[in-house]
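Residues in the sequence shown are numbered consecutively from 387, following our numbering.
Below: the structure, in structure tokens.
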Amino acid sequence: IDPFSARLQDGRVETDAILVAAADSAFQVEGGADLVRRELAVSALGALNLRALSPFVGAGALLGTAELDVSARGAWNAPDIQGSMTIDDASLRLRLLPQAVTSLHAQVDFDGDSLRVSRATAVLGGGDLTLSGTSRIQGGLADAQFVLAGRDVTLAYPPGLRSRLDADLTFTGGPRAFLLAGEVRDVIITHLHYDHVGNFDLFPQASFHLQDLEMSYATGRHMAIGHFAYAYEVEEVVGMVRRVYQGRVAF
């Protein structure tokens, strides 16, 4: 931080432009705050290292830089925020995934107590991701309404499993009640044990992917022996057989 001067008078502090420089960051902050009324009027302009935003991501880390041009005025706990942030060629690493989201480009516009992502694009597992939506800013994201689409994405999750998928998802809610939802088109069944199959009605449009040998085993001679059959529920196996006849099982 370059040297700067600050003035305090009648409970109000004001500063000249402050230049903040760090690794991949160089931006200017100026303005003031009323310490009695607990109000502020500040602006920031320049390049921001996205690592500073990682705490808002929670289960991940952002890498790269963003061009920032924003101002905030009003009460400390609910300022009116105006301006924009442009992200160019950033990346996002999530703790749940061994793969990183790369080539992240986004335009984020701030208006009062809300933000809008008109369109964000990225790459995951060789496939394309797009995101758009809005959210209120209230100690984080609140009343979020985002739409996420993925096309031809190779996903290495859970560990040991690789799948290629298309996805159309919605991300809504707030910090204590986020909801990720969408239509499931493909369900991978590793085996037909009672704790790995069932609830077919929750996936009315899905195709089920199952090993041919597992279906043969679960409907074959071994099921007449209790030691082998105890991990299978008859109705769940029958439910899968019905979906074979419906043309909804791929082997």
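Ideal placement from N, C-alpha and C gives every residue a C-beta, glycine not left out.
| Asked | Found |
| --- | --- |
| Selection from Leu551, Leu527 and Pro544 that minimises the alpha carbon distance to Thr558 | Leu527 |
| Neighbourhood of Arg398 by C-beta, 8 Å cutoff - its chain only, sequence neighbours within 5 removed | Gly418, Ala419, Asp420, Leu421 and Val422 |
| Distance, Ala447 Cα to Gly585 Cα | In the sequence as displayed, the identity of residue 585 is Asn instead of Gly. About 35 Å. |
| For Arg393: DSSP bridge partner residues | Glu400 |
| Contact check, Val427 vs Ala408, beta carbons under 9 Å | The displayed chain sequence assigns Ala, not Val, to residue 427. The answer is no: Cβ separation not under 9 Å. |
| For Leu439, the first and last residue of its enclosing alpha helix (DSSP H) | Where Leu439 is concerned, there is no enclosing alpha helix (DSSP H), given that its DSSP letter is neither H nor E. |
| Residue environment, Ile473, which counts as buried when at least 16 other CB atoms sit within 10 Å | buried |
| Exposure label - Phe413; buried when at least 16 CB within 10 Å | buried |
| For Glu622, the three-state DSSP class (helix, strand or coil) | helix |
| Contacts around Thr576, its chain only, beta-carbon distance under 7 Å, and the 5 residues preceding and following it disregarded | His582 |
| Separation of Asp402 from Ser391, as counted between CA atoms | 6 Å |
| Interface flag, Thr558 vs chain C, CB-CB below 9 Å | No chain C appears in the structure shown, which is made up of a single protein chain. |
| Extent of the continuous beta strand (DSSP E) run through Met471 | Asp466 to Leu480 |
| Nearest residue (CA-CA) to Ser518, options Ser593, Ser504, Gly511 and Phe564 | Ser504 |
| Distance between beta carbons of Asp572 and Ala542, contact taken as under 8 Å | No, Ala542 and Asp572 are not in contact; Cβ-Cβ is about 16 Å, not under 8 Å. |
| Among Leu482, Thr516 and Ala492, nearest to Pro545 - alpha-carbon criterion | Leu482 |
| Per-residue burial, Leu478 [other beta carbons within 10 Å of its own, 16 or more giving buried] | buried |
| Beta-bridge partners of Ile523, as assigned by DSSP | Leu527 |
| Start-end ranges of the alpha helix (DSSP H) lying completely within the segment 538-607, minimum 4 residues | 598-604 |
| Sheet register partners of Phe532 (DSSP bridge) | Gly519 and Phe557 |
| Expected contact under 8 Å - CB spacing of Leu467 and Ile523 to nearest Å | Rather than Leu, the amino acid found at residue 467 in this sequence is Ile. Sure, about 7 Å apart at Cβ, within 8 Å. |
| Backbone CA spacing between Arg562 and Arg550 [nearest angstrom] | 31 Å |
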